[in-house]
Structures are given as C-alpha cells and as structure tokens.
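Working notes, beginning with the structure itself.
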Amino acid sequence: MFLQQLVNGLIIGGIYAMIAVGYTMIYGVVQLINFAHGEIYMLGAFFAVTFISVLGLPFYAAFILSMACCAICGMLLDVVAYRPLRNSPRLAALITAIGMSIFLQNLAMIIWGSRPKPFPHGTVPAYFDNTAVTFGGVNLSWFHLFIFGLTLVMMIGLNLIIKKTRWGKAMRAVAQNKTMAALTGINVNRVITYTFALAGALGGAAGVMVGAYYNSLYPTMGYVAGVKAFAAAVLGGIGSVPGAMLGGVLLGVAEALGAGYLSSLYRDGISYAVMIIVIILIPAGLFGKLIKETKKSM
Amino acid sequence: MGRLSPQNLSRGDMIRIGLLILALILPFFPFVSDYILHITILIFLYMILALGLNIVPGFNGLLDLGYVGFFGIGAYTSGLLTVHFGLSYWVIIPLAFANGAIWGILLGAPTLRLTGDYFAIVTFGFSELVVLFLTNEIWLTRGPLGLPGIAPPSIDLTLFGGPKWEFAGELPYYYLAIVMVLVTVFVMYRIQDSRLGRAWFAIRDDEIAAVSCGINLLNYKVIAFAISAAFGAVGGSFFARWVTFLSPDMFKFWESFLILCMIVLGGMGNIWGVMIGAVVLVSLSEVLRELLPLLGLPVQVRFLAFGLIMVLMMRFRPAGIMPIPAVAAKMKAGRVKRKRGTAAAELKIGSTTGLNK
Chain A
2 MFLQQLVNGL IIGGIYAMIA VGYTMIYGVV QLINFAHGEI YMLGAFFAVT
52 FISVLGLPFY AAFILSMACC AICGMLLDVV AYRPLRNSPR LAALITAIGM
102 SIFLQNLAMI IWGSRPKPFP HGTVPAYFDN TAVTFGGVNL SWFHLFIFGL
152 TLVMMIGLNL IIKKTRWGKA MRAVAQNKTM AALTGINVNR VITYTFALAG
202 ALGGAAGVMV GAYYNSLYPT MGYVAGVKAF AAAVLGGIGS VPGAMLGGVL
252 LGVAEALGAG YLSSLYRDGI SYAVMIIVII LIPAGLFGKL IKETKKSM
Chain B
1307 MGRLSPQNLS RGDMIRIGLL ILALILPFFP FVSDYILHIT ILIFLYMILA
1357 LGLNIVPGFN GLLDLGYVGF FGIGAYTSGL LTVHFGLSYW VIIPLAFANG
1407 AIWGILLGAP TLRLTGDYFA IVTFGFSELV VLFLTNEIWL TRGPLGLPGI
1457 APPSIDLTLF GGPKWEFAGE LPYYYLAIVM VLVTVFVMYR IQDSRLGRAW
1507 FAIRDDEIAA VSCGINLLNY KVIAFAISAA FGAVGGSFFA RWVTFLSPDM
1557 FKFWESFLIL CMIVLGGMGN IWGVMIGAVV LVSLSEVLRE LLPLLGLPVQ
1607 VRFLAFGLIM VLMMRFRPAG IMPIPAVAAK MKAGRVKRKR GTAAAELKIG
1657 STTGLNK
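Below is the structure:
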C-alpha cells in the first residue's frame, strides 16, 4: 500500500516537475508567473490526440510533434503577449498572463469541445499496460517506466542544456542581469523566447503523458495541473531549476500519501496548502536565492 | 450640505444625480422586464464587489486574485445563518461584514509582508481552498448539492405593531441593491479622502517613501485587505439572499478574474471607472450569453472574450478607460523608455517603479 502510493506519487510528481521546471525557467528569465503555462500543457495533450486521430500518426511521432507544436506555442505566447509588456509594471504582465490562460482554455473549448476526450482506442502502444517489474508487491507497468524514464531523461537533458551549452549560458546570464547580458552581446529577447519554447516543449510532453496515462483530456485540465506545478516551483524555490524538479517530486509524493492516508477529498487542497505555507514561512523555497535577492527582483 | 443647492452643482455632479434618478425610476419604464431588472441587480452586485476589490489593487497596488473567496465566505455566512437560525437579513449584513473582515485579517496579517507576485499567489490559493472547503464539508454546506431554500429578506415591523413585508419579485432587491451601492460608494469616497486613503495612495505610489514618512506598511495594508474582504462578504450576503441558492461552483477563480477585469477595464483606483467596468462587463457577459448559443458555441466561451479584453487592455490602455493619473504614469513608465530605444535602456527592468515593485 505504502509503496504503491509512493510509486504513484513519484510518477505524478515527475510530471509536476516537468511542468514546474517551465514555470521556474520563465520566472528566472523574465520574473513573470506564466499562468498560461498550464494551458500549454493542456494543448500538448490535445495536439497529440489530434495528430493521432486526424493525421493517423503513431503515438511516438505524435508525441514528438506535439512537443514541437507546444514549443512554438510557447514562443508565440511570448512574442504576441509578453514581449510588448517587457518594460511595463509586473502587474500588467501578470494580468496578461491570466488573460492568455483564460483565452487559450476557452479557445481549446471551442476547438475540441468541453467534454472529456479519450485517446483514440488502441493508439497508445498496447504493451504499456503490461507489468514490467514487480517488487515488494508493487506492479510497475511499462507505461510507468516510460513516464519515469522519459522524465528522468528530460530533466538530465535540460540540466545539460542549461549548464553546458552556449544557449544555456546565455539563459543564465539573462536570468542574472539583463542589462549586463545585453551589453555582452546576448540578444536578450531571443533568449527569453527560446526559454519559452523550451518550457513549452517540456509542458507539452507532460501533457501528452498525463493525457495518455489517465486517458482523459479536457480543456480545463491545464488549470489544476498548472496550479500544482506552480506550487511545486514555489516549494523548490521559484527561479531554481533543480528546486522545481525536487519540488515536483515532493509535492507528487505528498499528494499521493495525503490522498491515501488523510483524505482524498482534499487531494488538490494539499498543493494549495503547501504553496501558502511555503510562501509564508520560506518564500525563497528549498533552493531559492536569498530572500534579499528575491525581494529585489519583485 | 449647502453644496447641494442647484447653482453650486458641477457638471459631474449633475450627471451623477441624473444617473441616480434614472436608476431610481428605471423599473417603471414599460420596456423594463424582470430579466432586465435582474441583470441590473447583478450589475449593482458586481459594482459592490468591484469597489471592494478596488481597494487592494487600485488603492494599494497589490494584486488580489482570491477575492471571490471572501464573496463565498459572505454568501455562505448569510445562507447558513438564514437556513439554520432564521436570522434577519439586517442582522446578517454586519455579521457578514465582520466575518469577511476577520478572514481578511487572518489571511492578510501573515501574507501582506510578501511582495507582489507572492501575495497574488497566496490569495489565489486561499480562494481555491475556500471552494474546496465548501465542496467537501458536506455536514455544513451540503457540498456540491448546494444550499437551497434560503429565505428572502423581509422588513419586519411587527415589533412596533407594523406589518411584515417579505421581498418578492425583483423590485425590492433592486432598491436594496441601489441602497447598498450608494452606501459602498459613499464609504469609498470617504475613505479615499481620509488619512487612511492618503496613506494607501502613498504606499501605492512609493513604498519606500511611504515608510520614511512614518506609515506602517503592514498595518495599513492589513486594514485595506480587511475592508476589501468585508465588502466582498457583504456582496456575498446579498447574493445569497437574492438567488436563494448557493453552490460551491459559484465561487470559482473565474469570478475573481471577472471582478479584476472590471477594475482593470474601468481604471484601477478610480471609483467611477470601476463602476463603469462593472456595467460594461456584466452587460457584455449577458449579451454574449444570448449570442453564443446562436453561433453554436458553449456559453463558457464568453470568458474567451474577457481573456482577450484583459490582454488588449494591458497592451494598449493599461490604466483603463478612466485612468487616474498616478496609475497611468506608472503603467506608462516602461513605454516611454522603450521609445527612447538603446538596447540598454530598453532592457533596464529594475528602474521602472512598477505597481508591484
């Protein structure tokens, strides 16, 4: 029982982590809570279903194509909505983000309808449901392993991008000081847009995985997932990528255990409560920058 | 009140009095159906809510994303006290006000030290927790089934040997709503011109300068948040007795967003602007509610329009239809810089004295 809950928590936590990383990266470079990030995740799931059912693509191809589309959506979001407000007060950007979130959510409702949609029958590889490993009475299906492995690969890949590539270096520079970054010849706006693309791709991947895992997509799915992922990002310390990863996993486990042992009714409440408590007690989160710095960036 | 003699009235005053008289006689026009009356009451309700919320972002420059939580608290306070104890509405108004204020202080006191974004997120989380509580504590609120059969308000003069007159139809609610809006507007104007209001404006315009003038930031912000919450709760108490049915679904985040839209659209911090925002958005919402089914779209899609309005307003007219100078100057601070154009100036973020500094 405990192990099963723990495994469930780890899996869903990995997915939260993937979304949370998007929030935290964007916050890192533009100090904006991108409320529309949850909607990118929702779009990812819907794109995949559309590619499968309309274009007849196999699951993996649809997965990758959907990630690419989400990356483009992320870039569009930045260019269309946020870039014109780069120098405006934070309040304006934040309200725009909420506006875009609501806009995208309702756009999806117009395009795909408001009723929950399943993945088309038989398109998710059949062996996904087979048990891959059994230990301590816990059955892990191939799908669990797929999600787990992919999350791990993406997190490692992301870390490599941020730490080792020129582009990652530029991102870190922009996050630290935009003026200095611009003076050293970095095209700050382009780096920010690429960051949105990277975040969008990760969010889209998370969306496809969740959509296939629960086999149910609906236009409001991005809202709750987005809030939880944001809570994870806050828990880890907003702006810190490893923090978001750890925060996601911790929140997933806390939620699974809380739902299993305390009350499943308040499953969603756990993340809200964690968010509020963390913000009040340790606003910098587990891995956040010093509070002083955080305050300065407000 | 010698000011009210006709020759002393300014043009603005005349318009105000004209609008008030129009509102008072509106129900007697032949074309005004119960439906129109209902929508007008809704507009008045949203005016109260928007004016209440306006205190936090408009007067203090803090973003509050959880206002509907206080609206819900007020509504359920009113609903439960009516259903279980049969309290009169006139007793419930101060109780709802107090309950809203208490929750405002409980939430505000620990969180108002936080700066902009963090505070917005906490309020958002709070309102979601309120909805979860209302949904799950079935013993108290009947959960998703909703709370039906809330008695309408009545004017009970039996104590003085008079008659007892129960509200029926939309008309009494209409006049009650007008009175409540008038009281709210009066209070807002008085606060705006008081020491309290000036302290808030100082905080909004420059926190550091405000502190150095001896303004206790936290105290003033908590007072603002509590008053704002209390007005939300009073709006909720009216809502409960008016629709006579409550369900947790009515207090979702979208409502907060809608009320925020009204403020942003009308002009943050401007009492008149905020009221106009309420008129425009409630009317728009109703028009879309009629129009969308004709186009074969679900009614929820009207939020798409609201989302778009917010994005466009922030882009092209961030201080609203009726901007107040202080907010407009801030919202424009970034724009001027961009036109100047060198790469470094373009990217200098820290120097803009943002609303959410």
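Those sequence lines, one after another, are chains A and B.
Sequential numbering of the first sequence, starting at 2, is according to my numbering.
Sequential numbering of the second sequence, starting at 1307, is according to my numbering.
We put the beta carbon where it would ideally sit given N, CA and C, even for glycine.
Computed from a predicted model, the values in this text were never measured in an experiment.
Enumerated in chain order, which unbroken segments of the beta strand (DSSP E) with a length of 3 residues or greater are wholly contained in the segment 1540 to 1622 of chain B? none
Taking Cβ positions, are V81 (chain A) and M246 (chain A) nearer each other than 9 Å? no
Can you confirm whether K1636 (chain B), when its beta carbon is compared against all beta carbons of chain A, has any partner nearer than 9 Å? yes
Please list, in chain order, the residues of the segment 65 to 90 of chain A that have any C-beta partner in chain B closer than 8 Å. A82, P85, L86, R87, N88, S89, P90
Under 8 Å, with one C-beta from each stretch per pair, do the segment 1541 to 1555 of chain B and the segment 1317 to 1325 of chain B reach the 3-pair mark? no
Could you tell me which of B:V1374, B:G1372, B:L1401, B:G1375 sits nearest to T1383 (chain B), measuring between CA atoms? B:L1401
Cβ distance (whole Å) where I162 (chain A) is taken to contact R173 (chain A) below 8 Å: About 11 Å; that fails the 8 Å criterion.
Measure the beta-carbon distance from Y215 (chain A) to E1434 (chain B) and round it to whole angstroms, keeping in mind my assumption that it falls under 8 Å. About 21 Å; that fails the 8 Å criterion.
For N1366 (chain B), I'd like the list of residues in its chain whose CB is within less than 7 Å of its CB, leaving aside the five on either flank, ordered along the chain. W1506, I1509, R1510, K1527, A1530
Interface residues of chain A facing Y1481 (chain B) [CB-CB closer than 9 Å]: Chain A residues near Y1481 (chain B): none, gap ~35 Å exceeds 9 Å.
Residue nearest to G138 (chain A) in terms of C-alpha spacing, selected from A:A202, A:L7, A:L56, A:A62: A:L7
When B:A1634, B:R1608, B:M1628 are compared against G100 (chain A), the one with the closest alpha-carbon: B:R1608
With DSSP as the reference, identify every bridge partner of K170 (chain A), one or two as the case may be. Paired residues: none, contrary to the question.
Could you check what DSSP says for V125 (chain A) in three-state terms: helix, strand or coil? coil
Alpha carbon to alpha carbon, how far is L44 (chain A) from A69 (chain A)? 12 Å
For G1410 (chain B) and G1546 (chain B), believed in contact at Cβ under 8 Å, the rounded distance: A quick correction: the sequence has Ala, not Gly, at residue 1546 (chain B). Wrong, their Cβ atoms sit about 19 Å apart, outside the cutoff.
F136 (chain A) - DSSP class collapsed to helix/strand/coil: strand
Exposure of C74 (chain A), with buried meaning 16 or more beta-carbon neighbours within 10 Å: buried
By the three-class DSSP mapping on this structure, what secondary structure does D1499 (chain B) have? coil
Mind pulling the chain B residues with CB within less than 7 Å of M276 (chain A)? I1427, G1431
Start-to-end residues for the alpha helix (DSSP H) that takes in D1423 (chain B): 1422 to 1442
What are the residues in the segment 100 to 112 of chain A lying within 9 Å of chain B by C-beta distance? G100, M101, S102, I103, F104, L105, Q106, N107, L108, M110, I111
Which residues of chain A have a Cβ atom closer than 7 Å to the Cβ of P1416 (chain B), listed in chain order? I281
Residue burial classification, E294 (chain A) (beta-carbon count within 10 angstroms, cutoff 16): With a pLDDT of 39 at E294 (chain A), under the threshold of 50, the modelled position of that residue is not reliable, and no figure is offered here.
Taking L203 (chain A) as the reference, which of A:L11, A:L218, A:M26 has the closest Cα? A:M26
Contact check, L1566 (chain B) vs L1355 (chain B) under 8 Å by CB: the rounded distance? 10 Å between Cβ atoms; not a contact.
Listed in chain order, which residues of the segment 1574 to 1600 of chain B have Cβ atoms closer than 7 Å to some Cβ of chain A? none
To the nearest angstrom, report how far apart V1642 (chain B) and P85 (chain A) are at their CA atoms. With a pLDDT of 45 at V1642 (chain B), under the threshold of 50, the predicted position of this residue should be treated as unreliable, and no value is reported.
Output the distance between the C-alpha atoms of F36 (chain A) and L1351 (chain B), rounded to the nearest integer angstrom. 28 Å
Starting from I34 (chain A), find everything on chain B with Cβ-Cβ shorter than 9 Å and list it in chain order. D1423, A1426, I1427
List the residues of chain B that P284 (chain A) touches, going by C-beta distances under 7 Å, in chain order. L1420, Y1424
Using a cut-off of 9 Å between C-beta atoms, extract the partners of M1616 (chain B) located in chain A. I96, T97, I99, G100, M101, I103, F104
Pull up the distance between the alpha-carbon of T1569 (chain B) and that of L1368 (chain B), whole angstroms please. A small correction: the amino acid at residue 1569 (chain B) is Ile; Thr does not occupy that position in the sequence shown. The straight-line gap from Cα to Cα measures roughly 13 Å.
Regarding A232 (chain A) and the ligand FAD, is the C-beta to nearest heavy atom distance less than 8 Å? Absence of the ligand FAD from the depicted structure is noted, as is the absence of any ligand whatsoever, leaving it without description.
Contact list for N1360 (chain B) against chain A, beta-carbon separation under 8 Å: Within chain A, no residue comes near N1360 (chain B); the closest Cβ sits about 14 Å away, beyond 8 Å.
is_contact[P1631 (chain B), chain A] using C-beta, thresh 9 Å: no
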